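Novice: When we follow my numbering, the leftmost residue of the sequence shown carries the number 1, and every step to the right adds one. All residues carry an ideal CB built from backbone N, CA and C; glycine is no exception. Computed from a predicted structure; not experimentally measured.
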Amino acid sequence: MSDTTQTNAMAEIALALAMGFFSIMVLTMVSMGGGMMSQSVKSVLDDDPIALANTVEKNEPDQAKGTSRNVQPENLLIYYKDRFLDHTFKPVDPTRLVGRDKIVLAVDPDLSMSATMQVRKRVSAQDITVVVLNDKWLKALQEAKL
């Protein structure tokens, strides 16, 4: 005589595990939007996907993609060799920048992250963007013998 209750119990456990994994998979697909494509979009993609791709508008590159933007000279603050400088390389007191809307703090690329954060804390303005000095600025600073 065979013991069918033991094999039935194992089959039940395996079935319960399979159902659990299946429900997790379905929930994951729904939360990621896998099952959200409508029938009309499917038919358009099946008919001519190249025509659909050609009609999509192309957005202009935005500021987040690494393009540069112009900074007003009075909003530029340079930190180079332990000194704060303005756009004409004259020394500036960072505590006198309270009334300005947006300050762009340009730092030496060799400055560590922790040192950069310490420098940022010394500037009294609220809205500060930290950038790295490029080669042109570094060359100009070296030529000014600062």
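DSSP three-state label for F21, please.
Specialist: Residue state, collapsed to three classes: helix.
Novice: Identify whether L133 lies in helix, strand or coil by the three-state DSSP scheme.
Specialist: Coil.
Novice: Along the chain, where does the alpha helix (DSSP H) containing A115 start, and where does it finish?
Specialist: Start and end: 113 to 122.
Novice: Would DSSP call L76 helix, strand or coil?
Specialist: In the structure shown, L76 sits in a strand (DSSP, three-state: E or B).
Novice: Per DSSP, P91 is paired with what?
Specialist: Looking at the DSSP assignment, P91 forms a beta bridge with L85.
Novice: Note down, in chain order, each residue of its chain lying with its Cβ closer than 8 Å to the Cβ of G20, except the 5 sequence neighbours on either side.
Specialist: Answer for G20: no residue qualifies.
Novice: Could you compute how far the alpha carbon of N75 sits from the alpha carbon of R96?
Specialist: So the two alpha carbons sit approximately 12 Å from each other.
Novice: Would V107 and V119 be called neighbours here (beta carbons separated by less than 9 Å)?
Specialist: It is a contact, given that the beta carbons lie within the stated cut-off.
Novice: Here's the rule: buried if 16 or more other CB atoms are within 10 angstroms of the residue's CB, otherwise exposed. What is L77?
Specialist: L77 comes out buried.
Novice: In this structure, how does DSSP classify V107 when only helix, strand and coil are distinguished?
Specialist: If DSSP states are grouped into helix, strand and coil, V107 belongs with the strands.
Novice: With C-beta atoms as the reference, is V123 less than 9 Å away from I103?
Specialist: Yes, the pair counts as a contact, with Cβ atoms nearer than the cut-off.
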